[in-house]
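In my numbering, the protein residues as written are 6 to 795. The beta carbon of each residue, even a glycine, is placed where N, CA and C say it ideally should be. Worksheet: the structure to be examined is printed underneath.
And the structure:
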């Protein structure tokens with residue numbers, strides 16, 4: 006029923022309605038404007054799902070005009086709606102349908118709109134029911150195509166990264182730095198573990214710890230930050246392997262920080278490194294123990310490697326030669342420049358390596374000779390990087406070669422003298438036998454012929470000639486060092502003084518003899534007759550070297566030489582020596598003459614004025630007494646002979662009795678005489694029998710043994726030649742001692758190259774008589790031998 010209103014009231018009401026209508030129209034305009042300007046697509050449906058309104062953004066997103074948009078219902082759209090995974094979405098799952106049917110809001114529904122032109126627009130859809138009668142739902146469309154494209158690109162990159170991680174042969178994990186939970190684990194790690202450890206604690210998976218381990222809980226110690234990249238090695242109990250780990254912090258998509266951990270298995274590398282180190286140590290030790298210097302230099306000549314032997318060769322401690330150059334140890338500046346030039350030539354031309362001999366300077370300044378083998382050093386690309394050398398110190402070898410040459414020269418000289426000595430010894434042996442027969446028979450003839458007999462003078466001449474021949478033989482034996490000597494302790498000054506008178510007569514009145522004895526000289530032990538021979542020979546040579554008036558000086562002294570001195574002076578011997586020096590101011594000698602000075606039969610004198618045996622005799626005597634001789638001479642300035650005789654150091658020895666010099670010392674003992682020369686045997690037997698002895702004879706040692714076995718009485722003495730067939734005299738005496746324990750023996754020989762003498766010097770207590778001998782000499786030595794205490 007309509008309320009009755011007055012006109013004015015109706016007019017007022019109409020005015021209010023008009024105003025209200027204008028307001029609503031204005032408001033509708035505002036809302037429409039806002040609807041169209043909304044930055045997202047908006048569609049409104051009626052209660053049946055037909056689209057009744059849509060803004061311009063919807064038109065753009067869906068690709069249809071507003072009018073076409075309104076004509077379509079929610080089930081009759083011509084575009085395809087696809088899921089997030091790009092499969093078709095059934096209509097009953099559309100957000101708008103769900104919101105309409107279930108009268109609830111549906112948010113966050115992502116879907117793809119495939120337009121008729123096949124272009125896909127990705128949208129985020131929100132649908133909500135409208136609480137207005139006749140209306141269904143309001144739908145908003147948010148264009149997320151760019152976000153979707155970015156997300157897809159990120160998903161692609163993520164999948165690629167995961168593929169890369171899964172293909173790497175390394176342990177890769179992403180961890181929560183606070184909880185140590187494993188957020189990601191690559192395939193290599195999963196295969197290594199045999200399981201997926203995502204969600205587990207890293208220290209439980211990799212280190213077999215039930216609680217946090219140091220490696221997992223060391224962020225404070227490592228002070229990791231967003232820029233940090235931390236590396237360390239660790240041992241995993243789980244795998245019994247060593248790993249090299251790289252850690253850094255990353256930001257997760259949700260904003261939280263995670264720790265990326267990548268570990269490489271370095272067990273084999275460590276083992277190889279250990280083996281390599283051991284091999285290097287073994288190699289270095291081997292290189293250091295090699296007795297050759299091994300060194301490497303770069304292209305500038307700088308030493309970059311030297312083994313221990315190289316340091317020892319140069320006299321330095323290991324490391325002292327770092328940063329030094331090879332020419333720093335070359336002895337002369339000229340050689341240094343030459344070496345540098347040669348070094349440049351090697352780098353440029355690279356000729357075939359050839360060994361060479363050079364010199365180096367040791368740390369102590371000594372210059373050494375070295376032999377160098379060398380070769381080039383190239384890198385993997387074949388480029389020259391330096392040189393390697395093997396150095397051998399040949400200093401001692403060179404000295405040894407020089408010494409060997411000197412010794413070879415001395416050996417050649419000794420062999421020549423030995424050859425002549427053998428000849429002289431053989432001649433002397435036979436000659437002595439003949440002289441013994443001559444002198445023996447002459448002596449016996451004198452017993453039968455008195456001075457008035459016509460043959461007496463002829464026999465005397467025979468005897469004189471035989472004695473002179475004996476002196477010649479002894480001189481031959483002296484230079485050959487085969488004469489028998491009877492050394493005794495002497496004061497050299499006394500022996501020389503006894504010779505001075507004779508020497509003055511020997512050299513003549515025109516030559517002044519100066520005698521300069523040394524004070525407190527040491528004693529020597531040698532045969533005084535040998536000193537006489539030395540002085541006589543040297544004085545005669547000096548006399549012949551002086552033309553007219555001159556001077557001969559004889560001096561003595563004492564001198565000692567040590568090892569160092571002798572090492573620098575070939576021919577000298579260490580020890581204490583008594584010096585006998587004979588000097589003249591004659592014509593002197595040149596070097597060629599000095600080289601042949603002591604060779605037998607070498608002489609510079611005219612034919613008939615020298616035999617060439619004088620200096621050979623001196624040399625032989627000095628050597629026989631373990632001394633040595635030094636000669637200094639220059640033409641026109643004279644010559645000095647320095648003879649060094651070993652100092653005698655006395656020992657306590659029993660005194661030996663001497664016999665009177667008489668030829669009528671007789672005896673009646675039995676003597677076994679053994680001599681392989683029949684004439685000597687016969688003559689000696691006659692002499693012994695005339696001295697009253699009972700003589701048993703044998704020509705050979707075996708015959709002597711048979712005679713001794715068959716003889717029924719005692720044999721008191723054996724008198725035997727030293728050198729005989731079958732066995733020598735010493736062996737014969739030794740055999741006879743078993744039969745006659747108190748047997749005495751007397752040896753005889755023309756020279757003493759035998760077991761009873763050491764280099765011609767008789768052993769103490771050995772009785773010896775030198776051929777030829779007189780009846781008087783024989784009587785004395787036989788009686789002396791028989792009367793000696795056993």
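Handout entry: Bridge-paired residues (DSSP) for residue 239
Key = 248
Handout entry: Coil, strand or helix - residue 727 by DSSP
Key = coil
Practice task
Would you list the residues sitting across from residue 694 in a DSSP beta bridge?
Solution key: Beta-bridge pairing links residue 694 to no other residue.
Problem - Cβ-based burial, residue 242 [other Cβ within 10 Å; buried from 16] - result: exposed
Problem - Distance between residue 165 and residue 226 (C-alpha atoms, nearest Å) - result: Only weak support is given to the placement of residue 226: the predicted model assigns it a pLDDT of 39, under 50, and the question is left unresolved by the model.
Exercise for the section: Verify whether the separation of the beta carbon atoms of residue 396 and residue 298 is less than 7 Å. Expected result: yes
Exercise for the section: Report the partner residues of residue 530 according to the DSSP bridge assignment. Expected result: 494
Handout entry: Distance, residue 578 Cα to residue 627 Cα
Key = 13 Å
Exercise for the section: Measure the alpha-carbon distance for residue 139 versus residue 50 and round it to whole angstroms. Expected result: 9 Å
Handout entry: Collapsed DSSP secondary structure at residue 716 in the structure displayed
Key = Residue state, collapsed to three classes: coil.
Practice task
Would you decide whether residue 750 is buried or exposed? Buried here means 16 or more other CB atoms lie within 10 Å of its CB.
Solution key: buried
Problem - Own chain residues within Cβ distance below 8 Å of residue 565, not counting five before or after - result: A distance below 8 Å between beta-carbons, with the five flanking residues on each side excluded, links residue 565 to the following residues of its chain, in chain order: 580, 581 and 582.
Exercise for the section: Check whether the Cβ atoms of residue 653 and residue 494 lie closer than 7 Å to each other. Expected result: yes
Handout entry: Cross-strand partners of residue 703 (DSSP beta bridge)
Key = 679.
Handout entry: Sufficient close CB pairs (3 or more, under 8 Å) joining the stretch 511 to 528 to the stretch 667 to 687
Key = no
Handout entry: Given 8 Å, three or more beta-carbon pairs between the stretch 684 to 699 and the stretch 729 to 748
Key = no
Practice task
Please classify residue 778: does DSSP put it in a helix, a strand, or coil?
Solution key: coil
Problem - Uninterrupted beta strand (DSSP E) stretches inside the stretch 325 to 355 (no shorter than 3 residues) - result: none
Problem - Beta-carbon gap between residue 518 and residue 509 smaller than 7 Å - result: yes
Exercise for the section: Tell me, please, which residues DSSP counts as bridged to residue 364. Expected result: DSSP, once it has assigned bridges, lists 374 as partnering residue 364.
Problem - 6 Å Cβ shell around residue 634 - same chain, five flanking residues per side excluded - result: 627 and 648
Problem - Cα-Cα separation, residue 137 to residue 38 - result: 20 Å
Problem - For residue 277, the nearest candidate out of 440, 247 and 262 (CA to CA) - result: 247
Practice task
Could you tell me which of 386, 346, 352 and 330 sits nearest to residue 366, measuring between CA atoms?
Solution key: 330
Practice task
Rounded to whole angstroms, what's the CA-CA distance from residue 265 to residue 193? Just pull it up for me.
Solution key: Residue 265 and residue 193: Cα-Cα distance of roughly 15 Å.
Exercise for the section: Give the single residue among 306, 794 and 411 whose Cα lies nearest to the Cα of residue 600. Expected result: 411
Exercise for the section: With DSSP as the reference, label residue 793 as helix, strand or coil. Expected result: coil
Exercise for the section: Measure the beta-carbon distance from residue 539 to residue 623 and round it to whole angstroms, keeping in mind my assumption that it falls under 8 Å. Expected result: The distance from the Cβ of residue 539 to that of residue 623 is about 5 Å, consistent with a contact at the 8 Å cut-off.
Handout entry: Same chain only: Cβ atoms within 6 Å of residue 399, ignoring 5 sequence neighbours per side
Key = 374 and 376
Handout entry: Whole alpha helix (DSSP H) elements within the stretch 161 to 206, 4-residue minimum
Key = 192 to 198
Exercise for the section: In the DSSP assignment, find the beta strand (DSSP E) that holds residue 50 and state where it starts and stops. Expected result: 46 to 51
Exercise for the section: Kindly list the residues whose CB is nearer than 6 Å to the CB of residue 275, restricted to its own chain and excluding five residues on each side of it in sequence; keep chain order. Expected result: 247
Exercise for the section: Please determine, among 515, 789, 589 and 586, the residue with the shortest C-alpha to C-alpha distance to residue 553. Expected result: The option with the nearest alpha carbon to residue 553 is 515.
Handout entry: Alpha-carbon to alpha-carbon, residue 34 and residue 18
Key = One alpha carbon belongs to residue 18, the other to residue 34, and they sit about 24 Å apart.
Problem - Identity of the residue in 284, 92 and 106 nearest residue 118 by Cα - result: 92
Practice task
Report yes if the CB atom of residue 753 is closer than 7 Å to the CB atom of residue 774, and no otherwise.
Solution key: yes
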